[in-house]
Amino acid sequence: MTLDKLRAWKLLEEISFVRVAGTEEELKAANILKDVCEKSGVEAVIEDFEIDMVNISVAKLEVLEPEYHEYHVIGIGKTASTPDEGVTGGFKYIEDGSDANITDVEGKIVLMQGRGTPELYEKLQKKGALGYILIAGNIYEDESIKNELRPSNAFGKDHPIPGVKLHITDAEKLVLSKPTKVKLTMQAETVKGTSHNVVATIPGTDLKDEVIAFSAHYDSVPYSKGSWDNGTGSVTIMELMHYFKEKGTRRTLKFVWCGSEEIGLVGSKEFCKAHEEELKDYIFNINFDMTGVTIGFEKCCVTASEDTLHAIEYLAKVNNYPLSADLGTYSSDSTSFASAGVPACTFARLNAMGGAQIHNNTDTMDRIDPDSFMITLEFVALFSEQIANASVNPIPRKFADSVKEKLDAQKKMFGEPEKEKEEEKKEDKAEEAEEKKDE
Ligand SMILES: [Zn+2]
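Okay, so the sequence shown: first residue is 186 according to the numbering used here, each after it adds one.
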């Protein structure tokens with residue numbers, strides 16, 4: 186038995202449905218993946234974890250003067266709610282929120298592009314801005330997408346002022362209409378939900394104490410079937426599971442299908458937390474996020490050392506695999522493993538300019554194909570087989586300085602406690618027996 190392109194494609198079709206974090210559909214996908222593992226004789230478990238789910242009951246943007254107009258917006262989760270009657274004030278388009286753009290935002294509702302850093306939102310609050318409007322979408326999209334603004338949560342820490350999202354075509358209209366008085370109303374609450382990781386294990390033989398973890402998130406964003414992002418990655422690691430189940434390896438292999446990646450890498454963070462003790466035995470995390478796009482190119486982001494980057498580049502070259510690889514952090518589950526001390530990488534096949542899109546209703550089977558899908562899979566099967574069976578672990582447990590800096594910056598951005606504070610917290614936990622962790 187070797188890699189089976191058609192088996193992979195059949196499973197991909199089967200899981201190509203909207204499967205948002207914390208929903209029944211996400212659990213349905215988890216069960217499909219678990220069943221496939223078990224049918225092929227590999228033990229798999231579903232590990233539950235708690236997530237924050239945001240219920241937005243009201244999100245409304247009205248221009249009151251010079252002429253009344255209501256725009257279709259959606260609320261951004263984990264931003265502040267307004268009073269019931271909303272907040273009313275002036276308006277300013279602050280572009281990307283540079284200092285020159287935010288000198289006079291007091292009493293205003295601001296429109297901005299990009300997603301902004303937590304520091305920017307703090308600055309806006311200090312300067313007296315009442316709320317913010319983020320620009321979403323693409324000016325050339327058809328109406329069907331325009332009405333499907335993607336729900337999302339505050340980037341980084343919770344935001345101190347209310348935020349909503351507006352489509353770019355409406356943002357253009359809004360700026361041109363020169364509003365003098367606008368009203369923003371946002372009501373949201375955060376409730377607890379449950380999401381799931383699926384974890385399968387193939388025990389190794391003489392080197393079974395060392396573990397290689399393959400990972401891929403299987404959840405999608407709302408309105409998206411997520412065939413490319415990340416049905417393809419999910420099916421890639423399933424195919425690797427079939428492959429190695431037949432062949433056997435000296436090291437132990439873990440296959441982790443992560444839930445809730447799209448709401449902030451939550452599944453992989455929870456996996457690393459729940460398996461903290463074991464992670465010292467994990468020598469490498471090989472993650473996949475989006476492969477198989479027809480018009481695209483092969484990419485590997487290495488969150489490890491220069492040595493590991495060079496090893497991957499060398500093997501790609503000798504196998505004539507056209508790979509663009511670099512050191513860095515990828516906004517996917519490999520970052521969680523690396524943050525927990527496990528060298529990691531993400532393989533992806535990214536789109537050419539003007540090509541396939543993700544995070545909307547166009548992410549279907551239409552832009553991907555089985556042959557392009559196999560390009561990444563075939564190389565990784567070869568690459569990971571060598572690591573899984575090498576007499577000496579070829580992946581040093583270290584990180585390039587540039588990678589360390591990026592990991593630290595991200596921890597800061599997402600408001601994660603530093604190591605020491607974490608330790609203190611644990612002690613508090615033991616004493617008080619009750620402590621809620623703030624992510
Ligand atoms: Zn993804």
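The beta-carbon is built from N, C-alpha and C at its ideal position, and this holds for glycine as well.
Top-ranked residue by Cα proximity to I259, from D281, K591 and V349: Position 74 of the sequence shown holds residue 259. Across the set D281, K591 and V349, the C-alpha of V349 shows the shortest separation from the C-alpha of I259.
K195 to Y253 span [Cα, whole Å]: For this step, residue 195 is matched to residue 10 along the sequence shown. For this step, residue 253 is matched to residue 68 along the sequence shown. Taking the straight line joining both Cα atoms gives about 52 Å.
Residues passing the C-beta test against ligand 1 heavy atoms, cut-off 5 Å: Working through the chain, the matches are D414, N415 and D474.
Anticipated Cβ contact below 8 Å, N546 with Y408, distance rounded: Locating residue 546 in the sequence shown gives position 361, where the first residue counts as 1. Locating residue 408 in the sequence shown gives position 223, where the first residue counts as 1. About 5 Å; that satisfies the 8 Å criterion.
L315 beta carbon less than 7 Å from that of G271: Position 86 of the sequence shown, counting from 1, holds the residue named residue 271. Position 130 of the sequence shown, counting from 1, holds the residue named residue 315. No, the Cβ-Cβ distance between G271 and L315 is not below 7 Å.
Beta-bridge partners of S534, as assigned by DSSP: Taking the first residue of the sequence shown as position 1, residue 534 is located at position 349. Position check: residue 534 holds Arg in this sequence, whereas Ser was assumed. R534 is bridged to E483.
Validate contact between the region 516-525 and the region 465-483 using beta carbons, cut 8 Å, 3 pairs: Remark: three or more beta-carbon pairs, one from each stretch, lie closer than 8 Å, so the region 516-525 and the region 465-483 are flagged as touching.
Contact under 7 Å by Cβ, T549 with S405: Counted from its first residue, the sequence shown places residue 549 at position 364. Counted from its first residue, the sequence shown places residue 405 at position 220. Taking 7 Å as the cut-off, the beta carbon of T549 is found no closer than this to the beta carbon of S405.
Nearest-angstrom Cα separation, counted from M238 out to A373: Within the sequence shown, residue 373 is the residue found at index 188, counting from 1. Within the sequence shown, residue 238 is the residue found at index 53, counting from 1. A373 and M238 have their C-alpha atoms spaced approximately 10 Å apart.
Cβ pair I397, R435 closer than 7 Å: Taking the sequence shown and counting its residues from 1, the one referred to as residue 397 is at position 212. Taking the sequence shown and counting its residues from 1, the one referred to as residue 435 is at position 250. No, the Cβ-Cβ distance between I397 and R435 is not below 7 Å.
Supposed close pair M297, I279 - CB separation, criterion 8 Å: Numbered from 1 along the sequence shown, position 112 holds the residue referred to as residue 297. Numbered from 1 along the sequence shown, position 94 holds the residue referred to as residue 279. In this structure M297 is in contact with I279, their Cβ atoms being roughly 5 Å apart against a cut-off of 8 Å.
Buried versus exposed call for G477 [16 or more other C-beta atoms within 10 Å across all chains shown]: Working through the sequence shown from its first residue, we reach residue 477 at position 292. That one is buried.
Sufficient close CB pairs (3 or more, under 8 Å) joining the region 440-453 to the region 354-373: With the cut-off at 8 Å, the region 440-453 and the region 354-373 do not touch.
Residues near S453 in its chain [Cβ-Cβ closer than 6 Å; skip 5 each side]: What you label residue 453 is simply residue 268 of the sequence shown in a count that begins at 1. Same-chain partners within the cutoff: C443, D518 and S521.
Beta strand (DSSP E) segment containing H381, residue limits: Locating residue 381 in the sequence shown gives position 196, counting from the first residue. Here the beta strand (DSSP E) through H381 covers K366 to I387.
Simplified DSSP assignment, three categories, for R436: Here residue 436 refers to the residue found at position 251 of the sequence shown. If DSSP states are grouped into helix, strand and coil, R436 belongs with the strands.
Cβ neighbour criterion (16 or more within 10 Å) applied to M559: Counting from 1 along the sequence shown, the entry for residue 559 is found at position 374. By the beta-carbon neighbour count (other beta carbons within 10 angstroms, threshold 16), M559 is buried.
Where N504 falls: helix, strand or coil (DSSP): Counting from one through the sequence shown, the residue named residue 504 turns up at place 319. Secondary structure at N504: coil, using DSSP grouped into helix, strand and coil.
Per-residue burial, V205 [other beta carbons within 10 Å of its own, 16 or more giving buried]: Here residue 205 corresponds to residue number 20 of the sequence shown, with the count starting at 1. The residue in question, V205, is buried, as its Cβ has 16 or more Cβ neighbours within 10 Å.
CA nearest to the CA of L562, picked from Y428, K596, G526 and T365: Position 377 of the sequence shown holds residue 562. Residue Y428 holds the alpha-carbon nearest to the alpha-carbon of L562 among Y428, K596, G526 and T365.
Bridge-paired residues (DSSP) for D343: Taking the first residue of the sequence shown as position 1, residue 343 is located at position 158. Bridge partners of D343: none, in fact.
Start-to-end residues for the beta strand (DSSP E) that takes in N546: The sequence position of residue 546 within the sequence shown is 361, counting from 1. N546 -> no beta strand (DSSP E), and no H or E assigned at all.
Touch test, the region 583-598 against the region 487-503, Cβ-Cβ under 8 Å, three pairs minimum: Contact between the region 583-598 and the region 487-503 is present, because at least three Cβ pairs lie under 8 Å.
Inter-residue spacing [alpha-carbon to alpha-carbon] between D284 and H544: As a first step, residue 284 is located in the sequence shown; it is residue number 99 there, counting from the start. As a first step, residue 544 is located in the sequence shown; it is residue number 359 there, counting from the start. Going from the Cα of D284 to the Cα of H544 covers about 31 Å.
Nearest residue (CA-CA) to N338, options T531, Q310, F456 and L450: The residue you call residue 338 lines up with position 153 of the sequence shown. Comparing Cα positions, the closest option is L450.
With 16 other Cβ atoms within 10 Å as the buried cut-off, status of A529: Working through the sequence shown from its first residue, we reach residue 529 at position 344. A residue is called buried when at least 16 other Cβ atoms come within 10 angstroms of its Cβ; A529 meets this threshold and is buried.
Where E603 sits in the DSSP three-state scheme: Here the question's residue 603 lines up with position 418 in the sequence shown. Note that E603 scores a pLDDT of 42, beneath 50, so its modelled location is shaky and nothing firm can be said.
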